[in-house]
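Residue numbers (UniProt numbering): 1 to 155.
Where a beta carbon is used, it is the ideal one built from N, C-alpha and C, also for glycine.
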Amino acid sequence: MNSTVALVLLALAIAVIVGLCFYAWSLRKEVSRREAYRRDEDARAQQNSLENLDYVASALVQEQVDITEGAWRCKVLLEIIDPSLTERTEFKAFAEHYRRTQHLNTHSARQQLTARERMQEDKERLMAENDMREAVLKAAKAVLKWRAKGKSALH
């Protein structure tokens, strides 16, 4: 092999390596961009969940929403924010009320029930609400107190 062919092959190899380096760099930049976007989306979703939790807890305390709907929504929002939050003593009433009422039909499934079945479920729901009213309202107040602490309250 003469020196000209060797130099051409060397130049070609260097060009390929430089091209691959540029491609790897651009891929890394894209991965970083996507990770930053995902972090921003996660932060935005968490902030929206926190704001919704504020609204639902306030509505519960002011008794603008029934106990079952408010407890269910608070439980779900707390789980979205941080699944361990529903295990906190002050918030357990939401999970307990959910456990007691989760078998009840909602939306279209409720519409398919007979009037008697709906009445029976309403009776069961109202009994659970009466039993859990004070605990759920106390938990809602605890949420508002917890949220008043700001971002430091998450951890």
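- Between the beta-carbon of Leu-53 and that of Cys-74 there is about 6 Å, and that keeps the pair under the 8 Å contact cut.
- Annotation for Ala-59: Val-65 and Gly-70 place their beta carbon closer than 8 Å to its own, counting only its chain and skipping 5 residues before and after.
- In this structure, DSSP gives Val-143 a helical state, which the three-state scheme calls helix.
- Ile-67 sits close to His-97, with the two beta carbons spaced by under 9 Å.
- Shortest Cα-Cα distance from Ala-57 to any of Gln-47, Ala-142 and Asn-48 involves Ala-142.
- A straight-line Cα-Cα distance of about 13 Å links Asn-48 and Asp-82.
- Beyond the five residues adjoining it in sequence on each side, Ala-95 comes within less than 7 Å, by CB distance, of Lys-75 and Thr-86 in the same chain, given in chain order.
- Secondary structure note for Lys-75: its alpha helix (DSSP H) is the uninterrupted segment 67-81.
- Here Val-8 is exposed: its Cβ has fewer than 16 other Cβ atoms, across all protein chains shown, within 10 Å.
- In the DSSP assignment, Asn-52 falls within the alpha helix (DSSP H) that extends over 3-61.
- Per DSSP, Ser-108 is one residue of the alpha helix (DSSP H) stretching across 107-111.
- Counting other Cβ atoms within 10 Å of its Cβ, Glu-129 reaches 16 or more and is therefore classed as buried.
- In this structure, the CA atom of Met-119 is about 25 Å from the CA atom of Ala-135.
- Thr-114 carries a coil assignment under DSSP once its states are collapsed to helix, strand and coil.
- Around the CB of Thr-114, fewer than 16 other CB atoms lie within 10 Å, so the residue is classed as exposed.
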